[in-house]
Amino acid sequence: MSLLDLLREQFGLTGSKKGCDHGQCGACTVLIDGRRANSCLALAVAHGGAEIVTVEGLAQDELHPLQEAFLELDAFQCGYCTPGQLCSAVGMLRELEDGWPSSVTRDGVQLTSEEVRERMSGNICRCGAYPNLVRAILEAGS
């Protein structure tokens with residue numbers, strides 16, 4: 000059973016979406032031990048004991064700063080991709096903090112529009128809300 004199916008069917012955590020079920024759209028993105036992963040490709044049994052964070056777990060008493068920025072800057076339209084976008088953005092900002100290189104900046108990683116677009120390229124938005132998604136991530140990450 001995939002981690003996505005376990006989360007949705009057994010635990011009732013329906014925030015993560017099944018878009019393509021092939022790891023190509025990012026709608027199912029969750030954080031596994033702090034790293035973003037496509038839960039449709041992850042075998043649930045392989046992640047026993049791991050810390051799994053879905054969109055439902057991003058906020059405690061108040062919204063996560065990224066959730067606030069998404070709302071404030073209208074970074075979604077239909078909302079289907081939003082849970083995966085949020086989890087991916089949280090993981091991406093951690094990668095930046097840790098200095099992970101990308102094809103945009105190999106050394107001296109900086110939070111730029113180009114960097115965000117490259118690192119978020121695994122998350123598809125059929126509505127085309129990319130400009131506001133990028134703005135929201137830049138605002139929350141600064």
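Per numbering that gives the first Met the number 0, residue 0 is the first one in the sequence shown, and the count goes up by one each step. Where a beta carbon is used, it is the ideal one built from N, C-alpha and C, also for glycine.
Beta-carbon proximity check, residue i vs residue j, cutoff 8 Å
i: threonine 28; j: cysteine 86; result: yes
i: serine 15; j: valine 52; result: no
i: leucine 6; j: serine 38; result: yes
i: glycine 22; j: leucine 92; result: no
i: glutamine 84; j: leucine 132; result: yes
i: leucine 57; j: alanine 135; result: no
i: leucine 137; j: serine 120; result: no
DSSP state of residue i mapped onto helix, strand, coil
i: serine 102; result: coil
i: asparagine 131; result: helix
i: valine 108; result: coil
i: alanine 161; result: Past the edges of the chain, shown from 0 to 141, lies residue 161, and the structure says nothing about it.
i: arginine 93; result: helix
i: glycine 11; result: coil
i: cysteine 86; result: helix
i: isoleucine 136; result: helix
i: arginine 116; result: helix
Identity of the residues DSSP links to residue i by a beta bridge
i: serine 1; result: Leu42
For residue j and residue i, believed in contact at Cβ under 8 Å, the rounded distance
i: cysteine 77; j: asparagine 122; result: Rounded, the Cβ-Cβ distance is 14 Å, inconsistent with contact.
i: isoleucine 101; j: arginine 118; result: Looking at the sequence provided, one finds serine at residue 101 rather than isoleucine. Between arginine 118 and serine 101 the Cβ distance is about 6 Å, and since that is below 8 Å, they are a contact.
i: cysteine 24; j: glycine 33; result: Their Cβ separation, rounded to whole angstroms, is 22 Å, which puts cysteine 24 and glycine 33 out of contact at 8 Å.
i: leucine 95; j: alanine 43; result: In fact, because the Cβ distance is near 29 Å, the residues do not count as touching under 8 Å.
i: valine 144; j: leucine 30; result: Beyond the ends of the chain as shown, which are 0 and 141, falls residue 144; an answer cannot be given.
i: alanine 26; j: alanine 74; result: At roughly 15 Å, the Cβ-Cβ gap does not stay under 8 Å, so alanine 26 and alanine 74 are not in contact.
Inset, instruction - Any chance you could list the alpha helix (DSSP H) runs of at least 4 consecutive residues sitting entirely within the region 13-71, in chain order? - result: When DSSP assignments are scanned along the region 13-71, the uninterrupted stretches of alpha helix (DSSP H) that are 4 or more residues long and fall wholly within it turn out to be 64-71.
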